[in-house]
Structure formats: structure tokens, C-alpha cells
Amino acid sequence: MHHSRLCALVIDCQDGDLVAASEFWSRALGKPVKTTDEEGDGKYATLKTAPDELQVLLQRVDHPSRVHLDIESDDIDAEADRLEALGAKRIGFVRRWWVMEAPTGHRFCVVRKQADAFGPHLNTWD
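Residue numbers (our numbering): 6 to 131.
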């Protein structure tokens, strides 16, 4: 049995200026900037959100700008298997998460557990 839930709204930014992108999205969404360099590599920024809200992440990417969702899980392989059984397909493993594609063509990621506690919106899967 594994657990998963929707955890993040990820704003993919083809423009490499995450500081400017963070400022725009901070003002647009009413969320202060937490950091413009989450992992020290200049690729990730985050906005401050409440513990019961989705995380808002900005990510510098090579592909065209878009928005995607992250699903966090305590077993990313089991969650990817479950989603494949529903019709999704694995696109590839990147660093420590699965990039998936829904039957509708939308890309999303299955990531490791992001929060210390999953909270009240936890889904349990056999």
C-alpha cells in the first residue's frame, strides 16, 4: 500500500530569469517569494504557501513555458504503476521523479513526498 496526493503547481519557465518570473507570479498570486534558488543550481524557485495549500514552484526549463502538476507519493514507482494502469505513460525518470503523460497528452510528475506529513488530503492505494 502506498500514499499519494496532489502537492504542487509547477510553473515551467523557458526564460532563464527566475527572479523576474518569481516576482511576477508572487504579485499575480499574492504569495511572497520564499526563494529564487531552491537547490542552489539556479533552476528552481518557490513561493510561500500555507501548509494546507499546494506548493507553487517555478522551474527553469528548455521546453516551451507551461504549467504542470506534481503528485507526491511515498512510493513513486508504485504510484507510476497505478497511473499507468489508468492509462498514463511514463515519459522518463529525471533526477528523482517520474515524468508522466496523461491519456489527454498533459504532462505531470510523480515526485517523492514533499511534506513531513501528508495531511488530511492523503489518498491510500493498494
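By construction, the Cβ of each residue, glycine as well, lies at the ideal position given by its N, Cα and C atoms.
Tell me the rounded alpha-carbon separation between residue i and residue j.
{"i": "Glu86", "j": "Phe98", "result": "A small correction: the amino acid at residue 86 is Asp; Glu does not occupy that position in the sequence shown. Asp86 and Phe98: Cα-Cα distance of roughly 13 angstroms."}
{"i": "Ser70", "j": "Leu14", "result": "13 angstroms"}
{"i": "Ile16", "j": "Glu77", "result": "16 angstroms"}
Give the single residue among the options whose Cα lies nearest to the Cα of residue i.
{"i": "Gln119", "options": "Gln60, Asp22, Trp30", "result": "Gln60"}
{"i": "Val24", "options": "Lys36, Ser9, His8, Leu63", "result": "Leu63"}
Pull the bridge partners of residue i from the DSSP assignment, please.
{"i": "Ser78", "result": "Ser9, Arg117"}
{"i": "Asp17", "result": "Gln64, Arg71"}
{"i": "Ala50", "result": "Leu63"}
{"i": "Thr41", "result": "According to DSSP, Thr41 bridges with nothing at all."}
Let me know the secondary structure DSSP gives residue i once reduced to three states.
{"i": "Val24", "result": "helix"}
{"i": "Leu34", "result": "helix"}
Could you tell me which uninterrupted alpha helix (DSSP H) segments, each at least 4 residues in length, are contained entirely in the stretch 81-127, listed from first to last along the chain? Runs of the alpha helix (DSSP H) inside the stretch 81-127: 81-90.
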